[in-house]
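K.L.:
The numbering of the first sequence is my numbering, which starts it at 2 and goes up by one.
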Amino acid sequence: MSVGVRYDPTAVEAKWLRRWAEEGVGEVDLDRAERPFYNLLMFPYPSAEGLHVGNVFAFTGVDVFGRFMALNGYDVFEPIGFDAFGIHSENFALKMNVHPKRLIASNVAHFREQLHRMEGMFAWSHEVDSTQPEYYKFTQWIFIQMFKHGLAEKRMAPVNWCPSCLTVLANEQVIGGACERCGSQVTTRQLEQWFLKITRYADRLLDNLDHLDWSEVVKTAQRNWIGRSHGLEMAFPVVGREGLSVAFFTTRPDTVFGASFMVLAPEHPLVPEITAPERRPAVEAYVREAAARREAERLDPTRPKTGVDTGARALNLATGEAIPIWVADYVLAGYGTGAIMAVPAHDERDFAFARAHGLPVPLVVRPPEGLPDPLPAAYAGEGTMVDSGFLTGMDSAAAREAAIAWAEREGYGRRRVTYRLRDWLISRQRYWGPPIPMVHCPACGWQPVPESELPVLLPDVEDFRPAGSGQSPLAAVESFVHTTCPACGGPARRETDVSDNFLDSAWYFLRYPSTDFPDRAMDPERTRKWLPVDRYMGGKEHSVLHLMYTRFVCMALHDMGLLPFEEPFKVFRAHGMMIHNGAKMSKSRGNVINPDSLFDRYGADTTRTYLMFMGSYQEGGDFSDSGIQGVYRFLHRVWDLVQGAAEAGWREAPPPEAERLRHRTIARVTRDIQALHYNTAIAALMEYVNALGARRDRLALCEAETLCVLLWPFAPAIADELWERLGHADGLWRARWPQADPEQLRDEEVELPIQVNGRLRDRMRVSADLGEAEAVALAAARPRVREALGGREPTRVVYVPGRMLNLVAQPGGDGGRG
RNA sequence: GCGGGCGUGGCGGAACGGCAGACGCGUGGGACUUAGGAUCCCAUGAGCAGCGCUCGUGAGAGUUCGAGUCUCUCCGCCCGCACCA
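1) Any idea what DSSP makes of Asp815, helix, strand or coil?
2) Can you tell which of Gly562, Arg536, Phe570 has the C-alpha that lies nearest to the C-alpha of Met549?
3) Could you check where the beta strand (DSSP E) with Leu662 kicks off and where it finishes?
4) What are the start and end residues of the beta strand (DSSP E) that includes Glu193?
5) Measuring only the C-alpha atoms, how far is Arg818 from Arg783?
6) Leaving out five residues before and five after Arg421 in sequence, what residues of the same chain have Cβ atoms less than 6 Å from its Cβ?
7) Using only alpha-carbon positions, find the residue among Ala507, Val440, Val462 that is nearest to Arg494.
8) May I have the straight-line CA-CA distance separating Arg638 from Asp721, to the nearest angstrom?
9) List the endpoints of the continuous beta strand (DSSP E) containing Tyr39.
10) Along the chain, where does the beta strand (DSSP E) containing Glu752 start, and where does it finish?
11) In whole angstroms, what separates the C-alpha of Gly583 from that of Leu206?
12) Would you tell me roughly how many angstroms separate the C-alpha atoms of Gly814 and Arg793, rounded to the nearest one?
13) Less than 8 Å between the beta carbons of Gln141 and Val457, yes or no?
14) First and last residue of the beta strand (DSSP E) that includes Gly645?
15) Could you please give me the residues that DSSP links to Pro492 through a beta bridge?
16) Measuring alpha carbon to alpha carbon, tell me which of Phe123, Val129, Asn92 ends up nearest Val109.
17) Smallest Cα separation from Glu285: which of Phe249, Gly259, Trp327, Gly321?
18) Quick check: Val482 and Val462, are their CB atoms within less than 8 Å of each other?
19) So Ala266 and Ala248 are in contact, right, with Cβ under 8 Å, and what is the actual spacing, rounded?
20) DSSP puts Ser126 in a beta bridge; with which residues?
21) Just to confirm, is the Cβ distance from Val239 to Leu192 under 8 Å?
22) Where does Ser428 sit, in a helix, a strand or coil, going by DSSP?
23) Would you kindly report the start and end of the unbroken beta strand (DSSP E) that includes Lys155?
24) For Leu271, which residues from the same chain have a beta carbon less than 7 Å from its beta carbon, with the 5 sequence-adjacent residues on both sides left out?
25) In whole angstroms, what is the alpha-carbon distance linking Trp640 and Met687?
26) What are the boundary residues of the alpha helix (DSSP H) that includes Trp407?
27) Are the beta-carbon atoms belonging to Gln619 and Gly577 less than 8 Å from one another?
28) Helix, strand or coil for His111 per DSSP?
29) Roughly how many whole angstroms lie between the Cα atoms of Asn807 and Val777?
30) Can you find at least 3 beta carbon pairs, one from the region 731-740 and one from the region 681-698, that sit closer than 8 Å?
31) Between the Cα of Ala488 and the Cα atoms of Gln448, Asp520, Leu459, which residue gives the shortest distance?
32) Can you list, in chain order, the residues of its chain whose CB lies under 7 Å from that of Ile843, leaving out five sequence neighbours each side?
33) Tell me the DSSP secondary structure of Ser230 in three-state form.
34) With DSSP as the reference, label Ala684 as helix, strand or coil.
35) According to DSSP, simplified to helix, strand and coil, what is His150?
36) What three-state label does DSSP hand Asn807 in the structure shown?
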C-alpha cells in the first residue's frame with residue numbers, strides 16, 4: 002500500500018500495522034529485559050458481537066501508558082488473551098444453537114483482528130486462551146493445589162440457583178437478587194457443591210488493602226464486601242429444653258438487657274426442634290412460604306416484616322426473663338449463626354418487627370438529649386445505659402466491652418469477628434468450562450486426579466444444553482463419568498461439574514510470562530522477574546468479583562510456596578464508563594457504537610485519540626459523533642503542518658519563546674500521561690499544533706520531532722509515518738521520550754493580575770521575579786488601580802511573584818456611610 | 001438507609017486556594033472557492049446603548065486579602081452495597 006501526500010489514515014495504518022508486526026514491536030525478550038514493566042489490561046471476553054467500543058476505550062488507555070513507558074526506557078510487557086470459557090459464551094451458543102467450541106473459535110478470530118486493528122502494542126507471542134487444554138490443565142492444577150491444602154471442599158449448603166442458566170452461582174454473581182449474567186431472579190436451593198475457602202483469608206484480604214496503591218473506589222467496595230464486624234457470640238437456653246440453646250451474634254452486646262425476643266431464620270435447623278406442637282402448622286407454613294419466596298423479594302428491606310411465633314421461649318441470661326422465639330425471614334440463614342437477639346428499641350429492623358407484632362420495646366440506651374416516649378423509631382446511637390443491671394450508668398461503648406467480659410467470664414459466650422464474605426462457590430452445572438479434576442471413590446472419598454493425568458479434557462458432546470437437574474451435561478457422558486480411583490484403583494466416578502469462569506481469570510496474568518513452558522503453570526524465574534504486575538487498569542465492575550478472587554488465589558498460592566508474593570497487582574487504576582448521547586450504551590437504547598465503523602471512517606489513530614480526549618479516563622466521558630470530527634481534523638492539521646514545514650525547509654533553531662513552549666508542552670504531556678489525564682495531554686498537543694501553525698513556514702526540525710514523539714502513544718501510525726518522513730530510519734518505538742528542561746519552564750515575563758481588595762482591576766507585563774516593593778510601586782502608578790484605590794493607601798499587600806498582586810485598602814471615611 | 005463520586009457556557013469538558021470557562025464540539029461572521037457538510041481567519045458565559053462595569057461554577061452560610069477549589073447545612077444526579085444483627 003502506498004502512502005501519498007494527503008493524510009489517508011487507512012493507508013498509513015495498514016502500512017504501520019504491517020511494519021510493527023515485522024519488527025516485533027510489542028514483543029519483549031522476557032529473559033533479557035533490563036527494566037521490566039508489566040502493563041496489564043483486563044482479560045478480554047470474546048463475545049459474538051465483537052469488540053465493544055468500551056473495550057477499545059479501556060484498552061487504549063492501558064496501551065497509551067504502555068507506549069509512554071516504552072519510550073521512557075522500560076521493557077514493556079503488554080500481553081493479551083481470551084477469557085472464552087463461561088456462561089456468557091455458552092448462553093450465546095445456546096441461543097444461536099451452535100456448539101460453543103465452534104462459535105468461540107470464530108469469536109476469538111474476530112476479536113484478534115479487531116485488537117490488532119486498534120493498534121495495541123501487544124505481546125502476541127504470549128497469547129493465552131482459557132479454553133485451550135494447555136491453559137486449563139493448569140486451572141485444574143490450581144484447583145488441586147487448593148484441595149490439597151484444605152482450601153477446596155464439597156459440602157451441602159443453601160446456594161443461589163439461576164433458573165434460567167440452570168446452575169448455581171457464587172454470592173458475588175448475584176446482583177440485587179438477580180443473576181449477574183442473564184438477569185433472572187435467583188432462588189435458593191440446598192445442594193452439595195464445591196467451595197473455595199476464601200473466608201479464611203478475609204482478614205488479610207481486608208488488611209492488605211491499607212497498603213495497596215489501588216483506586217479508592219475499588220478498595221472501598223472490597224472493604225464493604227468483606228464486611229468485617231466485631232461483637233459477641235452468645236447462646237440463650239431454650240426454656241424447658243435441657244441442653245438446648247440458641248446461639249446468636251451481636252455487634253451491640255451492650256444492649257443485651259433490651260433483648261425482648263429472639264428471631265431465627267426460617268432455614269435455621271432448630272426451628273422444627275423447638276416449635277411448640279400447637280404452633281407447628283403455622284410455623285411450617287411460614288417456612289414453606291419463605292423458601293418459595295424469590296430472593297429479591299426476601300431481601301427487600303421495605304417489605305413489611307413478616308414472621309410467626311414458635312411458641313418456644315429463651316432465657317435472656319442478662320435479665321433472667323423468658324422471651325419469645327419467633328421465626329422471620331428478615332433474619333438471614335447465612336450470616337452469623339442465623340439467629341439474633343432482637344433489641345427493638347435500638348435496632349431499626351427489630352423495631353419494625355416488634356411494632357408489627359405487638360412485642361415489647363424496652364429502652365436501655367439513653368442519649369444525652371433523652372428520647373421521646375413512646376419511641377417513634379429505633380435509637381441505634383450511643384448513650385448511657387439504663388435499666389441494664391450491672392451495665393446501668395455506663396457509657397454504651399464501655400458497656401459493650403463489659404458485656405463481652407461478663408459473657409466470657411460466665412461462660413455464656415465469647416468475643417467474635419464476623420464477615421459478610423462467603424466462601425466462593427465454584428461448581429457450575431454447565432458444559433462450557435474446565436471439568437473440576439476430582440474423582441469420588443465409594444471407599445476413599447474425594448480424590449484429586451493425579452497431576453500427571455491433567456488435563457481432564459472437556460469431552461466433546463453434541464448436547465451441551467444444561468439439564469436443569471442440578472447436574473452438568475457431563476453427567477450424561479458415561480465414558481467420562483466412569484473411571485478408577487487414583488488411590489485404590491477401584492471403580493469411581495468423576496466430578497461432572499465444571500469450575501466457575503472466574504477461576505480461569507483469577508490467574509491468567511500469572512500464565513502470560515510463562516506461556517512457552519508447557520510443563521509448568523508459572524516458571525519461577527520468569528515469575529520472579531515479571532510479577533507482581535506493575536500496573537493493572539480496568540473497570541470497577543470487577544471490584545468484588547475478579548479482583549477479589551484473584552487476590553485470594555495469589556495469597557493461597559503464596560502460602561503454598563508457589564508464588565513469591567501475595568498481592569498480584571502493585572498498582573490498580575479503575576477507568577470510567579463510556580456514555581453515548583447522555584446514556585449508558587445498550588442495545589435496547591440503540592446507542593451502541595461499533596468500533597469497526599469508527600476504524601473504517603476515521604482510522605484507529607483518530608478513534609484512539611478521540612476516546613482518550615472526550616473525557617477523563619478515570620471518570621469516563623460522553624461520546625459525541627461530532628466531537629470525533631474535531632480530533633480527525635486535528636490529525637489532518639498535524640499531517641499538513643509537518644508536510645508543509647518539510648517542504649518549506651527547516652530553520653536552524655526555534656526562537657526562544659517557541660522553545661519555551663516546546664518544553665512546556667513536553668512537561669504538560671508527560672505529567673498528564675503519568676496522572677492518566679489523557680484528555681488534557683491531548684489538549685496540550687492541540688495547543689502546541691495551533692501555536693506551530695501560526696509559524697508553519699518557519700518551523701525547526703526539533704519542533705516537528707517533538708510533536709511526533711508526544712503524539713505516538715495516542716496516534717502511533719500517523720506519528721510513525723511523519724517520523725519516517727522526517728528522515729528517521731528507525732521507528733518511534735526506538736525513540737526516547739523528550740525531557741523538559743527546567744530552565745525553559747521558567748517564564749521571564751508574565752502578565753501579572755492586579756487586585757484591589759481581592760477584585761481584579763488591572764494587569765501589567767512585568768518580569769517574573771519582580772520584587773514586592775517594585776510591583777506595588779508599578780501597580781499603584783496605574784490609573785485604573787489608582788481609581789480603584791480611591792486615594793487610599795494599601796494597608797496590606799499580598800504578593801505572589803509571577804501569580805498575582807493584591808492591594809488591600811480599608812474602606813476610607815470618604816466612602817463610608819454617613 | 002449506608003458507602004463512594006459528581007453538580008462549571010448551547011454541549012463534552014479545563015482550572016498547585018491566586019486572571020473561571022484551557023482544549024474540542026456547536027453557533028455567528030468573514031476569506032478562498034463554479035461549489036462545499038473541505039480548508040483558513042475572527043468572534044462566541046450572561047446583562048448593560050455606552051469595550052468598561054456588574055453578575056456569574058446546584059442553593060445557603062462560614063474560613064480567607066482572595067473560594068469552582070477548604071468547612072458546615074441543604075437540594076439534585078450517578079455508581080457500589082443493601083434486612084449482614
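All C-beta atoms, glycine included, are put in the ideal place defined by N, C-alpha and C.
P.N.:
A quick look at the data gives this:
1) The pLDDT assigned to Asp815 is 39, lower than 50, so where the model puts this residue is not dependable; a value taken from the coordinates is nonetheless given after this. DSSP places Asp815 in the coil class of the three-state scheme, outside both helix and strand.
2) The candidate whose alpha carbon is nearest that of Met549 is Phe570.
3) For Leu662, there is no enclosing beta strand (DSSP E); the enclosing alpha helix (DSSP H) has its first and last residue at 657-675.
4) 188-197 is the extent of the beta strand (DSSP E) around Glu193.
5) Residue confidence for Arg818 is low, a pLDDT of 30 falling below 50, so the modelled location carries little weight; the figure read from the coordinates is stated next. Distance between the alpha carbons of Arg818 and Arg783 is about 28 Å.
6) Only Gly228 meet the Cβ criterion.
7) Minimum Cα distance to Arg494 is reached at Val440.
8) Each residue's Cα considered, the two are about 16 Å apart.
9) Counting along the chain, the unbroken beta strand (DSSP E) around Tyr39 starts and ends at 37-42.
10) For Glu752, the enclosing beta strand (DSSP E) begins and ends at 750-757.
11) Inter-residue distance for Gly583 and Leu206 is about 37 Å (C-alpha atoms, whole angstroms).
12) A caution first: Gly814 carries a pLDDT of 37, below 50, which makes its placement in the model too unreliable to give a value.
13) Yes, the pair counts as a contact, with Cβ atoms nearer than the cut-off.
14) Bounds of any beta strand (DSSP E) do not take in Gly645; it lies within the alpha helix (DSSP H) bounded by 628-649.
15) Pro492 pairs with Thr485.
16) Considering only alpha carbons, the answer is Val129.
17) Selected option, being the one with the closest Cα: Trp327.
18) No, they are not a contact pair.
19) So it is not a contact: roughly 12 Å between Cβ atoms.
20) DSSP lists no bridge partner for Ser126.
21) At least 8 Å separates the beta-carbon of Val239 from that of Leu192.
22) Of the three classes helix, strand and coil, the one that applies to Ser428 here is strand, per DSSP.
23) Counting along the chain, Lys155 sits inside the beta strand (DSSP E) bounded by residues 153-163.
24) Closer than 7 Å at Cβ, skipping near neighbours: Val247, Leu265.
25) About 13 Å.
26) In the DSSP assignment, Trp407 falls within the alpha helix (DSSP H) that extends over 397-411.
27) Their beta carbons are under 8 Å apart, which means Gln619 touches Gly577 by this criterion.
28) Here His111 carries a helix assignment [DSSP, helix/strand/coil].
29) Rounded to whole angstroms, Asn807 to Val777 spans 9 Å at the Cα level.
30) When Cβ pairs closer than 8 Å are counted between the two stretches, the region 731-740 is seen not to touch the region 681-698, the count staying below three.
31) The option with the nearest alpha carbon to Ala488 is Gln448.
32) Missing from the structure shown is residue 843; the chain here goes from 2 to 819 and no further.
33) The three-state secondary structure of Ser230, taken from DSSP, is strand.
34) Helix, per DSSP.
35) Coil, per DSSP.
36) Strand.
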